[in-house]
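Engineer:
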Amino acid sequence: MPISALYYDGKISRAHHVTLSVQEDIAYIHGDIERSCPLCELRVSERTRHAGRKITFPDEAYLDIQDIVAFERLLSETGFTDSSIVRAQQSWRGTCIALALTIFLLITGYLYGLPLAAKTIAGILPDHVEHAISNGLLDFMDKRLLTPSKLPSARQAEISARFATLTPPFEGVPEYRIVYRNSNIGPNAFALPSGEIVMTDQLVDLMDNDEQILAILAHELGHLHEHHMMQRIIQSSAVSAMVTLMFGDVSAIVANIPTVMLDMHYSREAEREADDYAIAMLKANRITVTEMANGLDKLQAVIRDDPAGSWLSSHPSTHERIERIRHAE
Amino acid sequence: MPSHPASSPITEHDHPQHFYFHGTGSEYFRIWIVNLLLSIITFGIYSAWAKVRRTRYFYNSTRVAGSNFEYHGNPMAILKGRIIAFSLIALYNLAFDISGLLSLLMIIAVMAAAPWLIWKSLQFKLYNSSYRGIRFGFRGSLPDVYRVYLLWPLLSVCSAMLLAPLTHQRMKKFQHEESRFGSTHFSFHATVGRFYLAYLTMFAIWLTGIVVISLTLGGSTLTVFADERNSMSDPIAVTAFFTFMLSLYAWLFVLFPLFTTLLQNLIWNNTCLCPHRFTSDMKWPRMVFIAVTNIVAIICTLGLFTPFAHIRTLKYRLECMTLLPAGSLDAFVADTQIKASATGEGMTDLLDFDLSL
Chain A
1 MPISALYYDG KISRAHHVTL SVQEDIAYIH GDIERSCPLC ELRVSERTRH
51 AGRKITFPDE AYLDIQDIVA FERLLSETGF TDSSIVRAQQ SWRGTCIALA
101 LTIFLLITGY LYGLPLAAKT IAGILPDHVE HAISNGLLDF MDKRLLTPSK
151 LPSARQAEIS ARFATLTPPF EGVPEYRIVY RNSNIGPNAF ALPSGEIVMT
201 DQLVDLMDND EQILAILAHE LGHLHEHHMM QRIIQSSAVS AMVTLMFGDV
251 SAIVANIPTV MLDMHYSREA EREADDYAIA MLKANRITVT EMANGLDKLQ
301 AVIRDDPAGS WLSSHPSTHE RIERIRHAE
Chain B
330 MPSHPASSPI TEHDHPQHFY FHGTGSEYFR IWIVNLLLSI ITFGIYSAWA
380 KVRRTRYFYN STRVAGSNFE YHGNPMAILK GRIIAFSLIA LYNLAFDISG
430 LLSLLMIIAV MAAAPWLIWK SLQFKLYNSS YRGIRFGFRG SLPDVYRVYL
480 LWPLLSVCSA MLLAPLTHQR MKKFQHEESR FGSTHFSFHA TVGRFYLAYL
530 TMFAIWLTGI VVISLTLGGS TLTVFADERN SMSDPIAVTA FFTFMLSLYA
580 WLFVLFPLFT TLLQNLIWNN TCLCPHRFTS DMKWPRMVFI AVTNIVAIIC
630 TLGLFTPFAH IRTLKYRLEC MTLLPAGSLD AFVADTQIKA SATGEGMTDL
680 LDFDLSL
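Residue numbers (our numbering), protein chains in the order written: chain A, 1 to 329; chain B, 330 to 686.
Given below as structure tokens:
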């Protein structure tokens, strides 16, 4: 049974009324235009619910099918089948499977694939690239958050020297340099990818003894050893690239919310690893691990008094960490 | 079944032809999720095919005067463009991390290449679009491209954005006047004055909002801060401060659809495919409603509403448009067709430029 269609020849915008019929794998066009073409040279547009169907000829002329129902029948008679992708798109079952698989892949990728990849990349990245990333970071902080240390230089040298005598627990000790600063943001210590471990006067004053200070330095050295900052940078860029890929059309506001939230999880992992490093280092040098827990306890007490201060704010569940360290004794 | 417009494309028509968009959120959602899965499994390679399928869906769902549009983009070409773009972006970021001089050179190189890329992207996009079997096209000359996409933006920045409306007008004029349907050129009549008027209107509304927000919320924030010396640790002060900032942000967000509305109407009411004209009568309350509800729904559904949101916006924007034919639409003739490369296309869609309007 012939199917009515509009024929556009690709040269002029005029529609020609035609009918389409198929005999022995050849399509015949009759009406305003007479034409025939083997089926294998024709391209049928993908099935969608509302958009109608088109058949395109090799020379870009095309048929706009008017009678969709009859055309679908013709397609099945000629043995045409939609691609599996189109079928999946058209069925809710296929869609649900795709949705479930996508969510599964995203979650496993985020929980296992991404940390592994970031760790590997951070590990093999040349040192100078890692250093270059935080170039100028200390300068920047010196201008905004930090002022020169008020600690006597003899005391600074004493701490640094004592830390230098400790044997690191693992091979491949990262290059590091301890710098002392007075902090505008409360007791704090952090490691920059360029190898500086920044120790604040406030933290030195807060600690009861040198062992606690050494424990903190060991913890920071652990961050350097594991390239945590670099891993975080890699992970958050990957997450934001993925989010942009998925929701790129939506405004950046929404796109950035998940990126920020997803980033939280990793710092917890990193803290645990750095704690393990510090514990190993203390044990290797016969310093009681309890001192580290005591130091954290003190710090936590101070932070609780001052909600704005935040050595711990990016170090979630300090309580859990202290428990872990005491357990490691 | 959808109700197709009753008009037959064969009859000569002189009455307005509305644009219709038949795409639905649920259907696009299915296309989106299946293609997203394939893109993830193939580490992004399939995304070029996904883009073609998506664009085809949009084009096929758009109907005016009884016919719909067609997209001819070749996925392989888009994939190549994306690979080049991806390498360039990686290189760009790396240069930033390595040395200051290198990153400066990179910025200059990107600025020098951007106009050319935008040009190629426009050519690719238009060349691969057709209506009633006739392809669109884009001409433009190299000096014009650099004048419009480099010189004017630079002048605009140097003038503290005072020249921004003028720059915008020059861009749109260039984009529309160099576009053609078959061998027929589009023309563009919106004057610089109209662009300034649109920008001034926006600015006035923005300023009014800022003043109102500052007087109501900002005032109370200040008093709270004045009371407490140790301001940031006080929860009331923090809440007041965040409410204030959030209101400013929300206001900017509400204004964006308004801007889209003003400009789409201005641009399309002044574009013609002579002698046929277009009209666009977007209403901004409706557009703001769509944008706000979209964002809320996207957040509440953790992103699953995204394809629905996309369709809602597109449907509204398209269905506000009307073609006013002056005589028959049957006489457009195809141009001697030139191929367009996809490097520009891949590049600009990675950088997420919206060049469509």
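The C-beta atom is built at its ideal place from N, Cα and C for all residues, glycine as well.
According to the neighbour-count rule (16 or more other Cβ atoms, all chains shown, within 10 Å of its Cβ), is B/V363 buried or exposed?
Structural biologist: The residue you call residue 363 of chain B lines up with position 34 of the second sequence. Label assigned to B/V363: buried.
Engineer: Under a CB-based cut-off of 9 Å, is B/P345 close to chain A?
Structural biologist: Taking the first residue of the second sequence as position 1, residue 345 of chain B is located at position 16. Using beta-carbon distances, B/P345 does not count as an interface residue toward chain A, since no partner is under 9 Å.
Engineer: In the DSSP output, what is A/K54 paired with across the bridge?
Structural biologist: Mapped onto the first sequence, residue 54 of chain A falls at position 54. Answer by DSSP bridge pairing, in chain order: A/D64.
Engineer: In chain order, what residues of the same chain have a beta carbon less than 8 Å from the beta carbon of B/P444, not counting five sequence neighbours either side?
Structural biologist: What you label residue 444 of chain B is simply residue 115 of the second sequence in a count that begins at 1. If we look at B/P444 and ignore the five residues flanking it on each side, its Cβ neighbours are V474, Y475, V477, Y478, L479.
Engineer: If contacts are defined as beta-carbon pairs under 8 Å, then B/G462 and A/E60 qualify, I think. What distance do you get, rounded to the angstrom?
Structural biologist: Taking the first residue of the second sequence as 1, we reach residue 462 of chain B at position 133. Taking the first residue of the first sequence as 1, we reach residue 60 of chain A at position 60. Yes, they are in contact, since the Cβ atoms of B/G462 and A/E60 sit about 7 Å apart, within 8 Å.
Engineer: Check distances from the C-beta atoms of the stretch 6-23 of chain A to those of chain B and list, in chain order, the residues that come in under 8 Å.
Structural biologist: L6, Y8, D9, G10, K11, I12, S13, R14, A15, H17
Engineer: With 9 Å as the threshold, decide whether the Cβ of B/A655 is near any Cβ in chain A.
Structural biologist: Translated into positions along the second sequence, residue 655 of chain B becomes position 326. Not closer than 9 Å to any Cβ of chain A, the Cβ of B/A655 fails to qualify, so no.
Engineer: Which bits of chain A does B/S390 rub up against, with CB to CB less than 7 Å?
Structural biologist: The sequence position of residue 390 of chain B within the second sequence is 61, counting from 1. Neighbours of B/S390 across chain A, judged by C-beta separation under 7 Å: H50, A51.
Engineer: I'd like to know whether the C-beta of B/E557 is nearer than 9 Å to at least one C-beta of chain A.
Structural biologist: Here residue 557 of chain B corresponds to residue number 228 of the second sequence, with the count starting at 1. With a pLDDT of 49 at B/E557, under the threshold of 50, the predicted position of this residue should be treated as unreliable, and no value is reported.
Engineer: When burial is assigned at 16 or more other CB atoms within 10 Å of the CB, is B/C601 buried or exposed?
Structural biologist: As a first step, residue 601 of chain B must be located in the second sequence, where it is residue number 272. Here B/C601 is buried: its Cβ has 16 or more other Cβ atoms, across all protein chains shown, within 10 Å.
Engineer: Quick one, are the C-beta atoms of B/F387 and B/Y375 less than 9 Å apart?
Structural biologist: Translated into the one-based positions of the second sequence, residue 387 of chain B becomes position 58. Translated into the one-based positions of the second sequence, residue 375 of chain B becomes position 46. In this structure, B/F387 sits away from B/Y375, with a CB-CB distance that is not shorter than 9 Å.
Engineer: Determine the direct distance from the alpha carbon of B/A489 to that of B/W597, and round the result to whole angstroms.
Structural biologist: Taking the second sequence and counting its residues from 1, one reaches residue 597 of chain B at position 268. Taking the second sequence and counting its residues from 1, one reaches residue 489 of chain B at position 160. Using only the alpha carbons, I get a separation of about 28 Å.
Engineer: Run through chain A and tell me which residues come within less than 9 Å of B/R646, C-beta to C-beta.
Structural biologist: Within the second sequence, numbered from 1, the residue matching residue 646 of chain B stands at position 317. Chain A residues near B/R646: none, gap ~13 Å exceeds 9 Å.
Engineer: Since A/S13 and B/A660 are thought to touch, with beta carbons under 8 Å apart, how far apart are those beta carbons, to the nearest angstrom?
Structural biologist: Position 13 of the first sequence, counting from 1, holds the residue named residue 13 of chain A. Position 331 of the second sequence, counting from 1, holds the residue named residue 660 of chain B. The pair is a contact, with the Cβ atoms about 7 Å apart (cut-off 8 Å).
Engineer: Counting only Cβ pairs nearer than 9 Å, list the residues of chain A close to B/T353.
Structural biologist: Here residue 353 of chain B corresponds to residue number 24 of the second sequence, with the count starting at 1. Going along chain A in sequence order, the residues near B/T353 (Cβ under 9 Å) are R49, H50.
Engineer: For A/H17, write down the residues that DSSP places opposite it in a beta bridge.
Structural biologist: On the first sequence, residue 17 of chain A is found 17 positions in, with the first residue counted as 1. Answer is A/L6, bridged to A/H17.
Engineer: Use the C-beta contact count for A/E320: other C-beta atoms within 10 angstroms, 16 or more gives buried, fewer gives exposed.
Structural biologist: Translated into the one-based positions of the first sequence, residue 320 of chain A becomes position 320. By the neighbour-count criterion, in which 16 or more other beta carbons inside 10 Å mark a residue as buried, A/E320 falls on the exposed side.
Engineer: Tell me which residue opens and which closes the alpha helix (DSSP H) that B/F515 is part of.
Structural biologist: Mapped onto the second sequence, residue 515 of chain B falls at position 186. Element bounds for B/F515: n/a, residue is neither H nor E.
Engineer: From the beta carbon of B/Y386, is the nearest beta carbon of chain A less than 9 Å away?
Structural biologist: Here residue 386 of chain B corresponds to residue number 57 of the second sequence, with the count starting at 1. Closer than 9 Å to some Cβ of chain A, the Cβ of B/Y386 qualifies, so yes.
Engineer: What first and last residue would you give for the beta strand (DSSP E) that runs through B/M650?
Structural biologist: Taking the first residue of the second sequence as position 1, residue 650 of chain B is located at position 321. For B/M650, the enclosing beta strand (DSSP E) stretches over residues 650-653.
Engineer: Buried or exposed, going by whether 16 or more other CB atoms sit within 10 Å of the CB of A/I107?
Structural biologist: Taking the first residue of the first sequence as position 1, residue 107 of chain A is located at position 107. A/I107 is exposed by the Cβ-count criterion.
Engineer: Kindly indicate which residue of A/R53, A/G79, A/E175, A/F170 has the alpha-carbon position closest to the one of A/H128.
Structural biologist: Mapped onto the first sequence, residue 128 of chain A falls at position 128. The candidate whose alpha carbon is nearest that of A/H128 is A/E175.
Engineer: Run through the stretch 369-394 of chain B for me and flag every whole alpha helix (DSSP H) of 4 or more residues, listed as ranges in chain order.
Structural biologist: Qualifying alpha helix (DSSP H) stretches, in chain order: 376-389.
Engineer: Here's a check: name, in chain order, each residue in its chain whose Cβ is nearer than 6 Å to the Cβ of B/L408, leaving out the five neighbours to either side.
Structural biologist: Along the second sequence, read from residue 1 onward, the residue named residue 408 of chain B stands at position 79. Result list for B/L408: A377, in chain order.
Engineer: Put A/S160 into one of helix, strand or coil per three-state DSSP.
Structural biologist: Position 160 of the first sequence, counted from the start, is the residue given in the question as residue 160 of chain A. Reduced to three states, the DSSP call for A/S160 is helix.
Engineer: State whether the stretch 295-304 of chain A contacts the stretch 206-214 of chain A, with contact taken as three or more CB pairs (one from each stretch) at a distance under 8 Å.
Structural biologist: yes
Engineer: Suppose you measure from the CA of B/P494 to the CA of A/R93; what does that come to, to the nearest Å?
Structural biologist: Taking the second sequence and counting its residues from 1, the one referred to as residue 494 of chain B is at position 165. Taking the first sequence and counting its residues from 1, the one referred to as residue 93 of chain A is at position 93. Spanning the two alpha carbons is a distance of roughly 50 Å.
Engineer: At least one CB of chain B closer than 9 Å to the CB of A/G94: is that the case?
Structural biologist: Along the first sequence, one-based indexing puts residue 94 of chain A at 94. Yes, because at least one Cβ of chain B sits closer than 9 Å to the Cβ of A/G94.
Engineer: Rounded to the nearest angstrom, what separates B/T630 and A/S91 at their Cα positions?
Structural biologist: Within the second sequence, the letter at position 301 stands for residue 630 of chain B. Within the first sequence, the letter at position 91 stands for residue 91 of chain A. When rounded, the distance between both Cα atoms is 21 Å.
Engineer: Would you decide whether B/F682 is buried or exposed? Buried here means 16 or more other CB atoms lie within 10 Å of its CB.
Structural biologist: Walking along the second sequence from the start, residue 682 of chain B turns up at place 353. Confidence at B/F682 is low in this model, with a pLDDT of 38, below 50, so the placement of that residue should be treated as unreliable; the coordinate-derived value is given next. Exposed, by the Cβ-count rule.
Engineer: Closest to A/M281 by C-alpha separation, out of A/P169, A/R49, A/T56, A/A100, would be which residue?
Structural biologist: Taking the first residue of the first sequence as position 1, residue 281 of chain A is located at position 281. With distances taken between Cα atoms, A/M281 lies closest to A/P169.
Engineer: Would you tell me roughly how many angstroms separate the C-alpha atoms of A/E41 and B/R509, rounded to the nearest one?
Structural biologist: On the first sequence, residue 41 of chain A is found 41 positions in, with the first residue counted as 1. On the second sequence, residue 509 of chain B is found 180 positions in, with the first residue counted as 1. Cα-Cα distance, rounded: 29 Å.
Engineer: Below 9 Å on C-beta distance, what does B/V397 contact in chain A?
Structural biologist: Sequence index remark: in the second sequence, residue 397 of chain B carries index 68 (1-based). Checking the sequence, you will find Asn at residue 397 of chain B rather than Val. Neighbours of B/N397 on chain A, chain order: A51, G52, K54, D64.
Engineer: Per DSSP, what kind of secondary structure is B/S355 in: helix, strand or coil?
Structural biologist: Within the second sequence, residue 355 of chain B is the residue found at index 26, counting from 1. In the structure shown, B/S355 sits in a helix (DSSP, three-state: H, G or I).
Engineer: Do you know whose CA, among A/A117, A/S21, A/L192, lies nearest A/M141's CA?
Structural biologist: Counting from one through the first sequence, the residue named residue 141 of chain A turns up at place 141. Measuring from the Cα of A/M141, the nearest candidate turns out to be A/L192.
Engineer: Using beta carbons (cut-off 9 Å, strictly below), is B/D659 in contact with chain A?
Structural biologist: Within the second sequence, residue 659 of chain B is the residue found at index 330, counting from 1. Cβ-Cβ to chain A under 9 Å: yes for B/D659.
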